[in-house]
Amino acid sequence: MDDFLVIDHISKSFGQQRAVDDVSLTVRQGEAFSLLGPSGCGKTTLLRMIAGFERPDSGRILVAGQDITTLPPEQRPVNTVFQNYALFPHLSVWENVAFGLRMSRRPREEIRSGVDRMLDLVRLSEHARKRPAQLSGGQRQRVAIARALVNRPQVLLLDEPLAALDLKLRQHMQMELNTIHEQVGTTFIYVTHDQGEAMSLSSRIAVLNSGRLEQVDSPASLYENPRSSFVASFIGDANFFTGVAQEFQHEGYVRVLIEGLGSPLVQSNGAVSSNQPLRLMVRPEKISLTLARPSSGERVNAFRGVVEDIAYFGSHTRYRIRAGEHCILAQLQRSRFSGGEIDPARGAEVWMSFHPDEGRVVRLEDAA
Amino acid sequence: MSARRQASSQWLLTLPSLAWLGVFFVIPALLVFVTAFRPADLQGGVGPGWTLATLDEIRDPAYLPIIWRTVWVSAATTFFCLGLALPMAFHMARAGQRQRQWLLLLVVIPFLSNFLIRIFAWKSLLHPEGPLTQTLISLHLLPENAVLLHHAGAVLLVMVYTQLPFAILPLYAAAEKFDFGLLDAARDLGARPRQAFSKVFVPGVRRGLISAGMMVFVCSLGQYVIPQMVGGVSDDMLGTKIAQRVFSDRNLPHASALAGGMMLAVLLPMLVVAVWQRIGRKEGA
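Top line first, the protein sequences correspond to chains A and B.
Be aware that the first sequence starts at 1, since it is given in the numbering used here, and climbs by one per residue.
Be aware that the second sequence starts at 1001, since it is given in the numbering used here, and climbs by one per residue.
Structure follows, in structure tokens:
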């Protein structure tokens, strides 16, 4: 089912502030989907509207064809894993997980088997009698997931599920969440401000910026083909240049005149007219550095610059290169047999080059 | 600073209040117990020597209905106070900063006027010629010649009125620390608002409930002005009797024996609750 969860022209304001501004998107059944954006972008408000804690000013929310826009939270086929887990401190782990089933007055036997199975799934069976305060952060989170999933929701909402965990645990829980998602097959919707989290957890991501939807796409498409400079800069690092469209080489490519740098040839990402102002984006790792001018002819965009700063990260090295008024970030991966690559020192003069397919034209209106 | 040094400096800091409690509470309380074992003299003082006779006197079966009334009026007061204070504390803790300050002010404002004056105000309110009785009769909510004053109901009403702030304040303190996100979690898991309140909020503030309940119950046990002023002849409570023994009968040992007995009856359950709470805290840790 392609439109299992439908967000249909949802808007919500708090006083003067438009928290969510005419957002529409659909989530497929069984999909792991992320709402990604900086704090204040409206992702949490959107989550609270799906869960039923906020009522949208306009628009509709549908789950499996049922309009749930006006249902109170307790009547929605949706459960939430809260950011701080919100476990009931006066109840044991077992009773926390049983809470939802008790509320829906399931038979005793069903509650027992359901809770036991869930605790087994999140590997917490031996902690069933403990209080939440006696558990570690990762264990608490697994209780919160079990407590939500035991009700067999149609949609599971996870609000910043990894934010409260330290780095090692976060990486571990990332894999664990993917495993749980594969096992239960429920539709998961993550809300996060961390692009790495969104990219590793979900098959599609909706990027939100100040209440508006910027782009919905797979992680790879968002990274490779960002449609706006906001998406380009929020997901990964990017070099931006503003320039003017010069002439058309052939279908899908455009030459952009960038003052003080040159006129690289890049993919046009849609229709572009001559003399139209444009914004050009190149990812740092797409830029290669050489001492001599690269010789592969017209298809390579090459510029001269001076290495201004070098930062070594182990798996890669970053160079800040100055070319007139422009300051360009390049990233090189170190491998012993790469060949042709260089190890420029600070102050060295180098050639930066990138293939026309690695440059992207992005929307200009929202200067990042 | 080492833990030991810190512990000893903490002792030093509590010394003044400990001394205060010792001089003005522990010693007088012990004197009350001691007086119960002294003979009464005719001038209203305490005679020489020691006796156990007073203990026999207070075993008078006439006290049984009074003790029973004292306990149930206090229990009912506690029940109504907690019932009213719980939703109040809930709303105060959820209110905005400004509204919260106003509500707090409203809760403590009765303390600005004298306790006796407030009881007198109730007396005239409930008086057969008073505005409340007259209005209710004219609205046919009360039969003609109905009497609100000098009635067990009046005692309960005024007791609840005077004790309510003592229930609201500790409950509000507990509710303020309560994580209201837990109510969202309860709703999310299928609880209706009422269920979320009773299954999550009430257990969440149970420590506040215990202290509020203790506070109201213990203070109610000792009340003697309210039953005397708004109650009827048969609405005496133990406190009223103690006051009578002191002021009209001028029998200090008898009053001391009653007061001492009541003190023991209050302190022993409190001790049990304190121990129970300590065990609960250890389990929770």
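The beta carbon of each residue, even a glycine, is placed where N, CA and C say it ideally should be.
Residue from the options whose Cα sits closest to the Cα of residue i
{"i": "A/I145", "options": "A/G236, A/E110, A/V93 and A/V216", "result": "A/V93"}
{"i": "B/P1065", "options": "B/F1037, B/S1234, B/V1272 and B/L1103", "result": "B/S1234"}
{"i": "A/Y253", "options": "A/F230, A/Q267 and A/R360", "result": "A/Q267"}
{"i": "A/A302", "options": "A/T290, A/L71 and A/Y312", "result": "A/T290"}
{"i": "A/S210", "options": "A/I111, A/R76, A/T69 and A/P38", "result": "A/P38"}
{"i": "A/L167", "options": "A/L62, A/R106, A/S221 and A/D194", "result": "A/D194"}
{"i": "A/S24", "options": "A/G59, A/L36 and A/Q16", "result": "A/G59"}
{"i": "A/S288", "options": "A/H316, A/S263 and A/P153", "result": "A/H316"}
{"i": "B/F1111", "options": "B/P1128, B/F1166 and B/L1126", "result": "B/F1166"}
{"i": "B/K1199", "options": "A/I310, A/I7, A/M352 and A/H90", "result": "A/H90"}
{"i": "B/L1183", "options": "A/D22, A/L87 and A/R360", "result": "A/L87"}
{"i": "A/P72", "options": "A/G65, A/F82, A/A232 and A/I61", "result": "A/I61"}
{"i": "A/E214", "options": "A/V231, A/A148, A/P344 and A/A220", "result": "A/V231"}
{"i": "A/D309", "options": "A/G347, A/N275 and A/P294", "result": "A/G347"}
{"i": "A/R255", "options": "A/R108, A/S229, A/T45 and A/R360", "result": "A/R360"}
{"i": "A/E358", "options": "A/E325, A/M49 and A/V300", "result": "A/V300"}
{"i": "A/S353", "options": "A/F313, A/G262, A/V272 and A/S274", "result": "A/G262"}
{"i": "A/W351", "options": "A/H326, A/V306, A/Q333 and A/C327", "result": "A/V306"}
{"i": "A/V216", "options": "A/L36, A/F14, A/R18 and A/K286", "result": "A/L36"}
Status (buried if at least 16 other CB within 10 Å, exposed otherwise) for residue i
{"i": "B/W1295", "result": "Here chain B covers residues 1001 to 1285 and nothing more, so residue 1295 of chain B does not appear."}
{"i": "B/T1070", "result": "buried"}
{"i": "A/E74", "result": "buried"}
{"i": "A/A206", "result": "buried"}
{"i": "B/P1048", "result": "exposed"}
{"i": "B/A1285", "result": "Note that B/A1285 has pLDDT 46, beneath the 50 cutoff, so the model's placement of it is unreliable and the number below is only indicative. It counts as exposed."}
{"i": "A/S113", "result": "exposed"}
{"i": "B/L1042", "result": "exposed"}
{"i": "A/A367", "result": "Low confidence applies to A/A367: its pLDDT is 43, below 50, so where it sits in the model is not reliable enough to give any reading."}
{"i": "B/G1045", "result": "exposed"}
{"i": "B/L1271", "result": "exposed"}
{"i": "A/R142", "result": "buried"}
{"i": "B/D1236", "result": "buried"}
{"i": "B/F1217", "result": "buried"}
{"i": "B/F1115", "result": "exposed"}
{"i": "B/G1204", "result": "buried"}
{"i": "A/Y312", "result": "exposed"}
{"i": "B/I1117", "result": "exposed"}
Own chain, CB closer than 7 angstroms to residue i, minus 5 neighbours either side, in chain order
{"i": "A/V27", "result": "F4, L5, F33, T187 and I189"}
{"i": "B/M1001", "result": "Unreliable placement is indicated for B/M1001, whose pLDDT of 49 sits below 50; the coordinate value is still reported in the next sentence. Nothing meets the Cβ criterion."}
{"i": "B/M1088", "result": "I1168"}
{"i": "A/P153", "result": "P77, V78, N79 and T186"}
{"i": "A/L329", "result": "D237, N239, P284, R318 and R320"}
Cut-off 8 angstroms between Cβ atoms - residues of its own chain near residue i, not counting five sequence neighbours on either side
{"i": "A/T242", "result": "I258, P277, L278, R279, L280 and L364"}
{"i": "B/Q1277", "result": "R1207 and I1210"}
{"i": "B/V1032", "result": "S1256, A1259, G1260 and M1263"}
{"i": "B/R1098", "result": "none"}
{"i": "B/A1029", "result": "M1263"}
{"i": "A/S218", "result": "S203, R204 and I205"}
Cβ neighbours of residue i in the same chain (closer than 6 angstroms, five flanking residues each side left out)
{"i": "B/H1127", "result": "L1149"}
{"i": "B/T1054", "result": "A1036, P1253, H1254 and A1257"}
{"i": "A/L162", "result": "R170, M173 and E197"}
{"i": "B/G1231", "result": "V1155"}
{"i": "A/I111", "result": "A98 and L101"}
Does the pairing of the stretch 1162 to 1174 of chain B with the stretch 51 to 69 of chain A give three or more beta-carbon distances under 8 angstroms? no
Can you confirm whether the stretch 267 to 283 of chain A touches the stretch 310 to 324 of chain A when touching is taken to mean that 3 or more C-beta pairs between the two stretches lie within less than 8 angstroms? no
Count the C-beta pairs between the stretch 1114 to 1134 of chain B and the stretch 1145 to 1159 of chain B that are closer than 8 angstroms, then say yes if the count reaches three, no if not. yes
Assess contact between the stretch 112 to 132 of chain A and the stretch 1210 to 1229 of chain B, defined as three or more Cβ pairs (one per stretch) separated by less than 8 angstroms. Is contact present? no
For the 8 angstroms Cβ check, are there 3 or more pairs between the stretch 94 to 102 of chain A and the stretch 1186 to 1197 of chain B? yes
Pair every Cβ in the stretch 164 to 184 of chain A with every Cβ in the stretch 196 to 203 of chain A, then say whether three or more of these pairs are closer than 8 angstroms. yes
What beta strand (DSSP E) runs, 3 residues minimum, are completely inside the stretch 210 to 235 of chain A? 212 to 217
Length at least 4, wholly inside the stretch 33 to 115 of chain A: the alpha helix (DSSP H) runs in chain order: 43 to 51 and 93 to 103
Hey, which unbroken runs of the beta strand (DSSP E) at 3 residues or more fall wholly within the stretch 163 to 197 of chain A? 187 to 192
Counting Cβ pairs, one atom from each stretch, are 3 or more of them under 8 angstroms apart for the stretch 1211 to 1220 of chain B and the stretch 1077 to 1087 of chain B? yes
Going along the chain, which residues of the stretch 2 to 16 of chain A sit with their C-beta nearer than 9 angstroms to a C-beta in chain E? Included in the structure are the protein chains A and B, with no chain E among them.
What ranges does the alpha helix (DSSP H) occupy inside the stretch 1112 to 1171 of chain B, keeping only unbroken runs of at least 4 residues that lie completely in it? 1115 to 1126 and 1131 to 1138
Contained alpha helix (DSSP H) runs [length at least 4] in the stretch 1008 to 1048 of chain B, N- to C-terminal order: 1027 to 1035
3-residue-minimum beta strand (DSSP E) runs that sit fully inside the stretch 285 to 320 of chain A, ordered along the chain: 288 to 290 and 301 to 312
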